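Heads up, UniProt numbering is the position in the sequence shown plus 2, with the first residue counted as 1.
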Amino acid sequence: APGAAEFVPDQADLDTLRSAIQGCRGCDLYRDATQAVFGDGPSRATVLLIGEQPGDKEDLQGAPFVGPAGKLLDRALEEAGFDRSMVYLTNAVKHFKFEERGKQRIHKKPGRTEVVACRPWLLAEVARVQPRLIVCLGATAAQSVLGTAFRLTKQRGVLVDPGEGDFAGHRVLATIHPSAVLRSRDRDADYAGLVDDLRAAVSLAG
Ligand code: URA
Ligand code: SF4
């Protein structure tokens, strides 16, 4: 597959990008998903948050973070002191990857090929929004922005320099994914850790 680059219109605003993405054939994920889920939030947001990929609810509704992980994220953002007008929410991969089990659609982690294929959409969003801070939620987003050598366990909740490459010059912070909090055996501690990292993000963006 060619990757998304040839499907991304040049110099387009967010609304134009949001409609163009429905025609993307940059990898195979468009085949089984309901629709592409583009980012959402004000074009002047100071913080751009990146998740992994849309889930079942997001795929059906066409908006990011509207399912259970999104509810948890909303609560954590509010507790950390984020104002919704500060936040643009998106994902590293824009189509839902899943496996059918009976009538359930079970989330499948996107592979490196899909993350790389979809990155032009993410880059276009970053170029339009020009956030003061990029927050990566989980390893998939972190590795899309910071490269495959990045380890969340070693560098979370602090400012990271993306170095040379597509994200050069941006300020980046990584933390755990809200879905990891939902799956955790120590949910309270992991939730508190997420809120702490988001508090650090608020002050870095201020
Ligand atoms: N998980 C994500 O990473 N993104 C969403 O939009 C929803 C759940
Ligand atoms: Fe295009 Fe990304 Fe969807 Fe693949 S996942 S088809 S690259 S929008």
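Beta carbons are placed, not taken as given, at the ideal position from N, Cα and C, and that holds for glycine.
Being a predicted model, the structure only gives us computed values, none of them experimental.
Secondary structure of ARG187 (DSSP, three-state): coil. The beta carbon of ALA71 sits closer than 6 Å to at least one heavy atom of the ligand URA. Between VAL137 and LEU51, the C-beta spacing is below 7 Å. In the same chain as HIS97, and ignoring 5 residues on each side of it, the C-beta atoms closer than 6 Å to its own belong to LEU31, TYR32, ALA35 and ALA38, in chain order. With contacts defined by Cβ atoms closer than 7 Å, LEU135 and VAL197 do not form a contacting pair.
In the pairwise beta carbon analysis, the region 118–125 is classified as touching the region 5–25: at least three pairs are separated by under 8 Å. DSSP, read as helix, strand or coil, puts PHE152 in coil. Taking every protein chain shown into account, the CB of THR92 has 16 or more other CB atoms within 10 angstroms, so this residue is buried. In the assembly as shown, ASP190 is an exposed residue. Its beta-carbon has fewer than 16 other beta-carbons within 10 Å. Under DSSP, the beta-bridge partners assigned to PHE100 are HIS109. Collapsing the DSSP output to three states places ALA6 in coil. Closest option to TYR90, judged by alpha-carbon separation, among ILE23, LYS73, GLY53 and ARG201: GLY53.
Taking C-beta separations shorter than 6 Å and ignoring five residues to either side along the sequence, the partners of HIS179 in its chain run LEU139 and GLY140, following chain order. Note on geometry: alpha-carbon atoms of ARG187 and GLY159 lie some 21 Å from one another.
In the structure shown, CYS29 adopts coil according to DSSP, grouped into three states.
ILE178 carries a coil assignment under DSSP once its states are collapsed to helix, strand and coil.
Going by DSSP, GLY72 is part of the alpha helix (DSSP H) stretching over 70–82. With contacts defined by Cβ atoms closer than 7 Å, SER45 and VAL131 form a contacting pair. A contact between stretches requires three or more CB pairs, one per stretch, nearer than 8 Å, and the region 149–159 fails this requirement with the region 57–66. Residue range 114–131 is occupied by the alpha helix (DSSP H) that includes VAL117.
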